[in-house]
Every structure is written in C-alpha cells, then in structure tokens.
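Participant: Here it is, the structure, as structure tokens.
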Amino acid sequence: MKVLSAAAAFLLASTVSAQTLKSAAASKGKYVGTITDPAYINGSDRTYNTIALNEFNYVSAENSMKWDAIEPSNGGFSWNNADTVVNWAQQNNMKIRGHTLVWHSQLPSWVANGSWSKSTLTTVIQNHVRTVMTRYKGKIAQWDVVNEIFDESGGARSSVFSRVFGGLDEFVTIAFNAARAADPSAILCINDYNLDYSGGKATGMVNLVKRLKANGVPIDCIGSQAHLMVGQVSSSFSSTLSSLCSAAGKCAITELDIRAKTPISSSGLSQQQTDYTTAVRACVNLSNCLGVTVWGITDSRSWIPQVFSGEGAALPWDGSYNKKPAYSGIIAGFGGSSGTTQQQTTTRQQTSTTRQQTTTTNGNTGGNCSARWGQCGGQGWSGPTCCSQGTCTFSNGRRQTFASIVVEMTF
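Residues -18 to -1, 1 to 393, numbered by mature numbering (1 follows the signal peptide of the UniProt record, and there is no 0), are exactly what the sequence shown covers, in order.
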C-alpha cells in the first residue's frame, strides 16, 4: 500500500474541489484576501502559507506596516518585516492592501507623546506617508491611509492628530494628499470598524468623506472592517455598505471575522455559515465594492479569544486547519455552491515543534510566549480603552478600540 507524505496528502485534499475562495471571488470580479506577517511567512507552520496561497489573491500585513513597526524613531525607518511581506506577495502573484499609515494606535511614543504644532505634525505625517508609499510605489494596490478616526457617535476619536488639528478634516486631508502625491496609482482608503450597521459612526464616515471629496481630497475607498458576531449581523449591513460605497466611489470589506461563544455549537456553525454568506454577498451585489479580506485563516491564530473572553471560532478554518461551514458560506456569498461544508480534515505541515517567536518594541509580555498585536473592536464591543496581555479595561461607558498585546503561548 502506498503511503502519502503529509505534504502530498495536504495538496491532494486541496485539489479535490476545483473551486477555491479566490476562484469564486474572481468569477464575480472581486478579490478575497487574508493576513500575513514574517512570523507566518518564515514560521514552522507551513500549512498557513499553503492555504493562503491556494485560497487567496490579496494579502494585508497584520502588523508589519503599522507606524510603530516601520518608523519606531523619528526618521528611523525599519523595513525588514514590511519588505518580507511585499516580497513574498510579489513572488506569489498576490496583491497587497497596505495597512495602515495613520492610526492613533500602535503609534510610536515619539509621535503619540510629542509636543506638536500643526506645522510640525503636518511635516511628520507627510514624511511618514511619503517615505513609506514611495518605497512601495507600484507594489501595493490599496492603502488604508487613515484608520479608526471616529468615536461611536460619529465624532472625532481623541488622538494626538485630532487634538493638535482640532478635529478630523485637516489631518485626514494632509494624509490623503501626501498619499496621492507619493503613489498616484494606489487606491486610497479610509478604514474603520462598526460601519456594518446604520448608526452614528457610519453616518459620520459618510458625511466626512462626502465633504472632503467635494473639496478635492483624493479618498477613493471606504473600508468596513466587519468584525461581526454570529447571529447578530445587522439587517442594515447591505444598505450601510452601499452608502459607504456611494460616498467614496468604492468600498471594501477589510477585516472580516464572525466570532461566537465557545465552544461553538453545530447550530452556531450553521448560523456562522449563513452570516459569512450575508456579508460577502453584500459586497458582491455592489459593482463598486472591490473585495473582501478575511482577518485570518485558522481559529488557532485569531486575535479574538485573547480579547473577547469566552469567544472565538471566528474564521473559516478551525484550529486544526479543518474547513468549517463558514468556508462554504464565503463560497456561496461569491455565488458558488451553497452546500454545507462538513468538517474537512487537513494534514498540518510543520517543520519543527517550536513555533517561531516574534518580538515587538511595545510592551513586555514576559514568560515563554510570542507577542503579536491584535486590536479590540467590532460589533458588540462594550468599551475597552486599552488591552494588555489579553485583558481589556472598560472606561467611559463607550465602545472604543485600542491596540492590545495579544499573547500566544508557545509549547
């Protein structure tokens, strides 16, 4: 009897069905993306990369292009991690969403705590945007130029940028004008969470974008992150996405995941499948919705469990890389077969029993663990203002999102 190697068995399983997420998306003129970073690309777990390449045609850097990673000191740029992502994507014919240039979180202390005038902070923003985008000119298809600038009411989130400039319009204009000058061919997006239902934040986004575009600010796209909850996808999801597309001219779903109480039940898996279909179909039904990025591949590497206690199971593959019904939900959303996916077993490829560890300059996780950045936010979020080592602190009774250090134990 011939015995297949683990790699051969995985490749055989991957080719049983000719339809992949990216082929289903392409049939509707859309893309489907996921996330990566050097820890994924160079790590010992090769299954993640294999699925990323087989199933997706766009990729976002989870952390490597954020300000703290790429310019940790004033004028001191660190390119290795971002270059790794860009080179890997180009070698594998994947397009890239750059994420993100101007964000209040994962911001180096020299920016966040600087004593700025409008003039000096303008120079800092322009230099950062220009330098990063010029390096990757023609290599990155879309950029999240600014990220998460609204509070839940649709007003300005408090940040060094909104405080110095006295609101949103001026610094958003500065960032987008610098971005357009640096790479005229890139699609320039403004990105936020809780834009998946009609409410103050979605209204604030639409109004800002319309106002700035009327004044010639080159905003091409609104990104709706779409961190959702099983069984709670808003009935206004499609209409709200349509309003975002109309305001900017284009839109995209940029960080899709749909979390559940864990352990997820069989009925929860079925509902999650339906919810993924609903979200993806909302984009497919809009000619100017560019595509959908799923914020990860496997539940074992999702940011959700470390931030939302007792919740997880948010992604299309489970922690052992078995396809969940959510996978079929995405296929169906793109117009493919809507049949229910049984849990399909995949052989996990590892070259070592020890996962590559990564480090970050922000915070000390301590212990035998690898730190990676996550974020708090999304549908149903109840007001954390900071997260550290997987814990969140409630403050001010408002839904807000802040950077967190998410700790993943390495065994």
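Backbone N, C-alpha and C define an ideal beta-carbon position, used for all residues, glycine too.
Does DSSP classify Gln1 as helix, strand or coil?
Facilitator: Within the sequence shown, the letter at position 19 stands for residue 1. Residue state, collapsed to three classes: coil.
Participant: Indicate whether Ile78 and Lys48 have their beta-carbon atoms separated by less than 9 Å.
Facilitator: Counting from one through the sequence shown, the residue named residue 78 turns up at place 96. Counting from one through the sequence shown, the residue named residue 48 turns up at place 66. Going by C-beta atoms, Ile78 is not nearer than 9 Å to Lys48.
Participant: Using 10 angstroms around the beta-carbon of Gln207, count the other beta-carbons present and answer buried if the total reaches 16, otherwise exposed.
Facilitator: Working through the sequence shown from its first residue, we reach residue 207 at position 225. When all chains shown are included, Gln207 counts as buried.
Participant: Give me, in chain order, the residues of the same chain whose beta-carbon lies closer than 8 Å to that of Tyr40; leave out the 5 immediate sequence neighbours on both sides.
Facilitator: Against the sequence shown, residue 40 aligns to sequence position 58. Closer than 8 Å at Cβ, skipping near neighbours: Tyr13, Val14, Gly15, Thr16, Met76, Lys77, Ile78, Arg79, Ala123, Gly273 and Thr275.
Participant: Would you kindly check if the distance between the Cβ of Val84 and the Cβ of Val146 is under 9 Å?
Facilitator: Your numbering for residue 146 matches position 164 in the sequence shown. Your numbering for residue 84 matches position 102 in the sequence shown. Result no, Cβ atoms of Val146 and Val84 do not sit closer than 9 Å.
Participant: Let me know the secondary structure DSSP gives Asn36 once reduced to three states.
Facilitator: For the purposes of this step, residue 36 is identified with residue 54 of the sequence shown, where counting begins at 1. In this structure, Asn36 counts as helix in the three-state DSSP scheme.
Participant: Decide if the stretch 98 to 109 is in contact with the stretch 128 to 137; the criterion is three or more beta carbon pairs, one per stretch, under 8 Å apart.
Facilitator: Not touching, per the Cβ criterion.
Participant: At a cut of 8 Å, does the stretch 298 to 309 reach the stretch 278 to 290 through at least three beta carbon pairs?
Facilitator: As far as the Cβ criterion goes, the stretch 298 to 309 touches the stretch 278 to 290, which means the pair count is three or higher.
Participant: With 16 other CB atoms within 10 Å as the buried threshold, where does Lys183 fall?
Facilitator: Taking the first residue of the sequence shown as 1, we reach residue 183 at position 201. Buried, because 16 or more other Cβ atoms sit within 10 Å of the Cβ of Lys183.
Participant: Among residues of its own chain, excluding the 5 on either side of Asn173, which ones have a beta-carbon nearer than 6 Å to its beta-carbon?
Facilitator: Within the sequence shown, numbered from 1, the residue matching residue 173 stands at position 191. Hits under 6 Å: Asp126, Asn129, Gly205 and Thr236.
Participant: When burial is assigned at 16 or more other CB atoms within 10 Å of the CB, is Gln255 buried or exposed?
Facilitator: Taking the sequence shown and counting its residues from 1, the one referred to as residue 255 is at position 273. By the neighbour-count rule (16 or more Cβ atoms within 10 Å), Gln255 is buried.
Participant: Would you tell me roughly how many angstroms separate the C-alpha atoms of Ala229 and Arg193, rounded to the nearest one?
Facilitator: Your numbering for residue 229 matches position 247 in the sequence shown. Your numbering for residue 193 matches position 211 in the sequence shown. For Ala229 and Arg193, the distance between alpha carbons rounds to 9 Å.
Participant: Are there 16 or more other CB atoms within 10 angstroms of the CB of Gln73, so buried, or fewer, so exposed?
Facilitator: For the purposes of this step, residue 73 is identified with residue 91 of the sequence shown, where counting begins at 1. Classification of Gln73: exposed, given that the 10 Å Cβ count is below 16.
Participant: In the stretch 25 to 102, which residue ranges form an unbroken beta strand (DSSP E) of at least 3 residues, counting only runs that do not cross its ends?
Facilitator: Whole beta strand (DSSP E) segments, 3+ residues: 40 to 43 and 77 to 85.
Participant: Let me know the beta strand (DSSP E) ranges lying completely inside the stretch 161 to 238, each 3 residues or longer, listed in chain order.
Facilitator: Listed in chain order, they are 169 to 174, 203 to 206 and 209 to 211.
Participant: Specify the secondary structure class of Phe158 as computed by DSSP and reduced to three states.
Facilitator: Residue 158 sits at position 176 when you count from the first residue of the sequence shown. Phe158 falls in the helix class under three-state DSSP.
Participant: Could you please give me the residues that DSSP links to Tyr13 through a beta bridge?
Facilitator: By 1-based counting over the sequence shown, the position of residue 13 is 31. Gly273, per the DSSP bridge assignment.
Participant: If we count the other Cβ atoms within 10 Å of its Cβ and call it buried at 16 or more, is Phe219 buried or exposed?
Facilitator: Taking the first residue of the sequence shown as 1, we reach residue 219 at position 237. It is buried - the Cβ of Phe219 has at least 16 other Cβ atoms within 10 Å.
Participant: Give me, in chain order, the residues of the same chain whose beta-carbon lies closer than 7 Å to that of Val215; leave out the 5 immediate sequence neighbours on both sides.
Facilitator: As a first step, residue 215 is located in the sequence shown; it is residue number 233 there, counting from the start. Hits under 7 Å: Asp257, Thr260 and Ala261.
Participant: Using DSSP bridges, identify the partner residues of Asp126.
Facilitator: Taking the sequence shown and counting its residues from 1, the one referred to as residue 126 is at position 144. Note: Asp126 sits in a beta bridge opposite His81 and Cys171.
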